[in-house]
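Working notes for the structure below.
2 protein chains.
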Amino acid sequence: MNMELSGRRKPTPEPSHRTPEADTEQALSVGIGLNAAIVAVAENEPVALVVRGDADSIGATDILPFGPFNPVEHRTLEGGLRAWVHDQTGLELGYAEQLYTFADRGRHTEPADATPHVVSIGYLALTQAMGHHGLTNGVWRSWYQYFPWEDWRRGRPEIIAHEIEPRLKAWAEKPTSHKAAQSSIARADRVRICFGLDGMAWDEEKVLERFEMLYEAGLADEAARDGHSSAREWTDRPKLGLPMQSDHRRILATAINRTRAKIKYRPVVFELMPDEFTLYELQKTVEAILGPHLHKQNFRRLVEGAGLVEPTGEVKTRTGGRPAKLFRFRREVLLERPAPGVRVSAPPSRN
Amino acid sequence: MNMELSGRRKPTPEPSHRTPEADTEQALSVGIGLNAAIVAVAENEPVALVVRGDADSIGATDILPFGPFNPVEHRTLEGGLRAWVHDQTGLELGYAEQLYTFADRGRHTEPADATPHVVSIGYLALTQAMGHHGLTNGVWRSWYQYFPWEDWRRGRPEIIAHEIEPRLKAWAEKPTSHKAAQSSIARADRVRICFGLDGMAWDEEKVLERFEMLYEAGLADEAARDGHSSAREWTDRPKLGLPMQSDHRRILATAINRTRAKIKYRPVVFELMPDEFTLYELQKTVEAILGPHLHKQNFRRLVEGAGLVEPTGEVKTRTGGRPAKLFRFRREVLLERPAPGVRVSAPPSRN
DNA sequence: CCCTATATACTCTAAGCGAGTATATAGAAT
DNA sequence: ATTCTATATACTCGCTTAGAGTATATAGGG
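Protein chains in written order, with this note's numbering: chain A, 1 to 351; chain B, 1 to 351.
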């Protein structure tokens, strides 16, 4: 998460010297939601598991598997999450890690003190799309349907130049409150950095920052749904990816962000792979997640050189060319070094 | 956070096909605690801000500033945290970021369904120890008092070879449940990797993993306080750092972990520095956090080369040698590139 | 039998990093 | 005043590795 730019905030003024105990009663009226962004790669497409939400004002929106945390039933947060996911989709999660806890969104639609407030704890789970023994509910959907501007596999997505860039630049020009103006970085600069405009490099790890910016600018459907004034000011708000219910798209953005970052320094790709795979399949999986194409020869050298894989001795035929050696993940690397990820060669800049 | 090794867990069995809504009532009986690990560097010593807790069975233990999240009063989690910190210490936080949300500790001391369960959201705040305008309560304490095994500034801490290594190895030998045995990595290997034993490299970013292991092995005071059986089996449990109340030491471990990791890839050291500083002071601050000594010439070259700092034109005299140029943080780097951290040259291995 | 797509192997080059050496300038000690 | 010492600053060297290019082997399809 890149919180640097938003880290410095003035604290909210508060009545002084209240003791922690005095507030316990009120604090209890907070529900805790567990949300799972379950990620896989199917046919070179990165996908997330979603279930269909109820129809609302903007139509049926997708939701991530989720449920409330109940400490009486669930010993741990992660245990509760696994239970909910299993109940709602039939899936038994493998690898899972906590992402972030959100609390400050969606308030605008609710009366300030009527509806119970909900804190969302987001989780990232990695699994194989194939071999899901018994998926009873939900569908795998490409994560680029929710974030089309993140898909750089066929070059720079046109939606950036056509829809996003002009509107964000207009938004950056708009008069802003003096509070925001005194922020260390001006809006126009934030826009350029976030979306790699005006010759700035595209940073594939700014997924969350980009979505937050679109939300803040009122360009995400969710901003309109939540009743943000910034959204009302657009007369021609374009469709920028599929929206999701509540703050689930934000959680998915966080999940993509984390996946892209982590794949580079920890061997987590293998959670997405079958037990045996070719190096080409491995590369395609990494590319599905990170975007641009990697240099094949270097990719192979780096992966093998890092001791991440070992040949099984078998080959996979019918690959369209010379039969490919099959490899498996060397779990022993975890014992040998501060286990590395898939070092990726920086692709040629495509801006 | 390194969750790889613990990520694969069997999900808790649950009654099937409960809908999220059905549990809302019960889920509400969860309190949310906001906890701040406030970090600074004072006289080359990394310090955290603690307040003194009440006396309990093992004496007065330190606590981090904390308080419950009350959504009616606080618009955001971070806002609530800032308010509590200000109330309890008089400090106005600058940089702050969320760390992790904990829920699965301390249950053993409580009756399973009587006391309200608490979920702790940990935050990391970075600030300058000096120039704290109006610290009304609390003291700055070296974080190595809580984690003496993390202090490698004067070589390998003796506490590892004398106290930790023999006991953890004994613990690794002990018969373990078949559930733990089937875990992908055996205990003995986890111990070696965690603490850099038997010639393995010391990884300064495994702070949390190490504390968790000591807790699991029953070697942390908190494990005894929480009534863990693993703690009762030691007849000569040594004092391994100062304990803290509740799970605060775990949160502090997470904070140290994050600080050490982040300082390398984001320019967060400067949150700990005064506006103007010499490169030597900057290096000492980095070393206070990361531990071992860095190569001075390379450090300077990397810091200046990355465009992180610019000379103010002034010099600082009375440094004991040639007067040192004063530098300031170049905030513009944030506009130029995916702003880097302080690239550190790996120090000569000291194992 | 040729074409093509893939797999696999080898080589070259530039950049960066770890590490060493040398010189300048202040305060402190004599 | 001179010497010593700690710091600051500048320059150099060599190894590793990442990025990129070229060449060869083996399958299926027309």
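Ideal Cβ placement from N, Cα and C applies to all residues, glycine included.
Q: Entirely within the region 185-218 of chain A and at least 3 residues each: give me those beta strand (DSSP E) ranges in chain order.
A: none
Q) Can you list, in chain order, the residues of the region 117-147 of chain B whose Cβ is nearer than 7 Å to any Cβ on chain A? A) For the region 117-147 of chain B, the set of positions with a beta-carbon nearer than 7 Å to some beta-carbon of chain A reads His117, Val119 and Ile121 in chain order.
Q.
Counting only beta-carbon separations shorter than 8 Å, does A:Asp113 have a partner in chain B?
A. Any reading at A:Asp113 needs caution, since the residue's pLDDT is 48, under 50, leaving its predicted position unreliable; the model's value is listed next. Residue contact with chain B for A:Asp113: present (Cβ-Cβ distance below 8 Å to some residue of chain B).
(Q) For A:Gly31, report the span of its alpha helix (DSSP H) as first-last. (A) Counting along the chain, A:Gly31 falls outside any alpha helix (DSSP H), though it belongs to the beta strand (DSSP E) covering Val30 to Ala42.
Q: List the DSSP bridge partners of B:Met244.
A: B:Asp62
Q. Contact between the region 271-284 of chain B and the region 317-332 of chain B: three or more CB pairs below 8 Å?
A. yes
Q. Are the region 133-145 of chain B and the region 164-174 of chain B touching, with three or more C-beta to C-beta distances below 8 Å?
A. no
Q: Measure the beta-carbon distance from B:Val191 to B:Lys264 and round it to whole angstroms, keeping in mind my assumption that it falls under 8 Å.
A: About 25 Å; that fails the 8 Å criterion.
Q.
Please report whether the beta-carbon of A:Leu77 lies at a distance below 8 Å from any beta-carbon of chain B.
A. yes
Q: Please list, in chain order, all residues of the same chain as B:Gly134 whose beta carbon is under 7 Å from its beta carbon, the five residues on each side excluded.
A: Gly90
Q: May I ask which residues mark the beginning and end of the beta strand (DSSP E) holding B:Thr101?
A: Note, B:Thr101: beta strand (DSSP E), Tyr95 to Phe102.
Q) When you compare only the Cα positions, how much space is there between A:Asp247 and B:Leu272? A) 33 Å
Q. Hey, is B:Gly100's beta-carbon within less than 8 Å of any beta-carbon in chain A?
A. The sequence given here places Tyr at residue 100 of chain B; Gly does not occur at that position. It does: the Cβ of B:Tyr100 has a partner Cβ on chain A nearer than 8 Å.
(Q) Strictly by DSSP, which residues pair up with B:Tyr123? (A) B:Ala36 and B:Gln98
Q: Quickly, what does DSSP pair A:Gly79 with across the bridge? List them, please.
A: Its beta-bridge partners do not exist; DSSP assigns none.
Q: Return yes when the Cβ of A:Arg187 is within less than 8 Å of the Cβ of A:Ala172, no when it is not.
A: yes
Q: For the alpha helix (DSSP H) holding B:Lys316, just list the boundary residues, first then last.
A: Unbroken run through B:Lys316 is the beta strand (DSSP E), Val309 to Lys316; no alpha helix (DSSP H).
Q: Measure the beta-carbon distance from A:Ala36 to A:Tyr123 and round it to whole angstroms, keeping in mind my assumption that it falls under 8 Å.
A: 5 Å
Q. Does the beta carbon of B:Pro274 sit closer than 8 Å to a beta carbon anywhere in chain A?
A. no
**Q.** Euclidean distance between Cα positions of A:Gly33 and B:Cys194
**A.** Rounded to the nearest angstrom, the two C-alpha atoms are 33 Å apart.
**Q.** First through last residue of the beta strand (DSSP E) which encompasses B:Leu352
**A.** With chain B represented from 1 up to 351, any question about residue 352 of chain B goes unanswered, as that position is not in the structure.
Q | Among A:Glu45, A:Glu336, A:Leu49 and A:Ala223, nearest to B:Met200 - alpha-carbon criterion | A | Checked all of A:Glu45, A:Glu336, A:Leu49 and A:Ala223; the closest Cα to B:Met200 is A:Glu336.
**Q.** Contact set between A:Glu69 and chain B, taken where Cβ atoms lie within less than 8 Å
**A.** Looking at the sequence itself, residue 69 of chain A is Phe, so the reference to Glu does not match. Within 8 Å Cβ-Cβ: Ala27, Val30, Ala103 and Val119.
Q: Whole angstroms is fine: what's the gap from A:Arg331's alpha carbon to A:Leu308's?
A: 8 Å
(Q) Which residues of the region 187-199 of chain B have a Cβ closer than 7 Å to any Cβ of chain A? Give them in chain order. (A) Asp189 and Ile193
Q: Examine the Cβ distances between the region 309-321 of chain A and the region 62-76 of chain A and report whether three or more of them are shorter than 8 Å.
A: no
Q) Assuming A:Trp152 contacts A:Arg210 under a Cβ cut-off of 8 Å, what Cβ separation, rounded to an integer in Å, is found between them? A) So it is not a contact: roughly 12 Å between Cβ atoms.
Q: Kindly indicate which residue of A:Pro243, A:Lys316, A:Glu45 and A:Gly80 has the alpha-carbon position closest to the one of A:His154.
A: What sits at residue 154 of chain A in the sequence shown is Arg, not His. The candidate whose alpha carbon is nearest that of A:Arg154 is A:Glu45.
Q: Drop a sphere of 10 angstroms on the beta-carbon of A:Val315, count the other beta-carbons inside from all chains shown, and report buried for 16 or more, exposed for fewer.
A: Burial is judged here by how many other beta carbons sit within 10 angstroms of a residue's own beta carbon; A:Val315 has fewer than 16 and is exposed.
Q | Completely contained alpha helix (DSSP H) runs for the region 273-298 of chain A, where each covers 4 or more residues | A | 279-290
Q: Would you identify the three-state DSSP class for B:Gly67, choosing helix, strand or coil?
A: strand
**Q.** Residue from B:Pro267, B:Asp226, B:Ala129 and B:Ala261 with nearest C-alpha to B:Val47
**A.** B:Ala129
Q. Nearest to B:Leu93 by alpha carbon, out of B:Arg52, B:Ile38 and B:Tyr144?
A. B:Ile38
Q: Give the DSSP bridge partners of A:Ala48, in chain order.
A: A:Val39 and A:Arg141
Q. Who pairs with A:Gly155 in a beta bridge, going by DSSP?
A. A:Arg153
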